[in-house]
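Comments concern the structure below.
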Amino acid sequence: MSHHRVRRFDTAETYPEQNLSNDLAQAVVADGTVYLRGQIGQDLDTRENVGVGDVEAQAERAMANIALLLKECGSRLDDIVKITVCLTDIRHREPVYRTMGRWLKGVHYVSTGLVVSALARPEWLVEIDATAVIPAGRRAEAERLRRASAAERGEEL
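Throughout the sequence shown, residue numbering follows this note's numbering, covering 16 to 172 in sequence.
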């Protein structure tokens, strides 16, 4: 199986004020493992920031993005095995983890939490990175769903 890149983009479009041009993707699927780019309080389609100054709203959007990206990859939230959370302030831990807990109730994943001095943009307060593994018995169906989702977005396979 080859690697499938979902929602490809160039950082020149995402960070026009920075002198960058890196080819990235929001997700990569490789042999049943789904690797997601760190998600923040930003709409995946419009790139509009959501919840500026509101860490709970940003965490909610990040989790919604994770759920959407997993679906587009043929996966789902209960396939998550690892989460990494980056916070810009330790006081944000409780509202962020409470939000994640609502989305991931019963998922028993491993988690790493970090407090960092800043994220890529000053208005971003939290970034949530997830890795999921699609069980072997669902991989053929997951591939069909991923292809259908890519076709809906007009994305090349």
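Note that the Cβ used here is the ideal one computed from N, Cα and C, for glycine as well.
- Nearest in C-alpha terms to Arg106, of all of Leu35, Val130, Glu156, is Val130.
- By the Cβ neighbour-count rule, Ser17 is exposed, with fewer than 16 other Cβ atoms within 10 Å of its own.
- For Ile105, there is no enclosing alpha helix (DSSP H), since its DSSP letter is neither H nor E.
- Distances from the CA of Asp104 to each of Ile95, Glu138, Leu92 were compared; the closest alpha carbon is that of Glu138.
- In the assembly as shown, Ala77 is a buried residue. Its beta-carbon has 16 or more other beta-carbons within 10 Å.
- Looking at the DSSP output, Asp144 shares a beta bridge with Thr99.
- His19 and Gln41 have their C-alpha atoms roughly 11 Å apart.
- Nearest Cα to Gly53 within the set Glu167, Leu140, Arg154: Leu140.
- Using a C-beta cut-off of 8 Å, the stretch 153 to 160 makes no contact with the stretch 54 to 73, since fewer than three inter-stretch Cβ pairs fall below that distance.
- In the DSSP annotation of this structure, Arg153 is not part of any alpha helix (DSSP H), being labelled neither H nor E.
- With distances taken between CA atoms, Val96 lies nearest to Pro150 out of Ala165, Arg117, Pro150.
- The Cβ atoms of Cys101 and Ile143 sit closer than 9 Å to each other.
- For Gln41, the uninterrupted beta strand (DSSP E) segment begins and ends at 38 to 45.
- For Asn37 against Thr48, the beta-carbon gap comes to about 22 Å, at or over 8 Å, which does not count as contact.
- With fewer than 16 other Cβ atoms from the protein chains shown falling within 10 Å of its own Cβ, Gly121 counts as exposed.
- A residue is called buried when at least 16 other Cβ atoms come within 10 angstroms of its Cβ; Val125 does not meet this threshold and is exposed.
- In the displayed model, Arg20 falls within a strand according to three-state DSSP.
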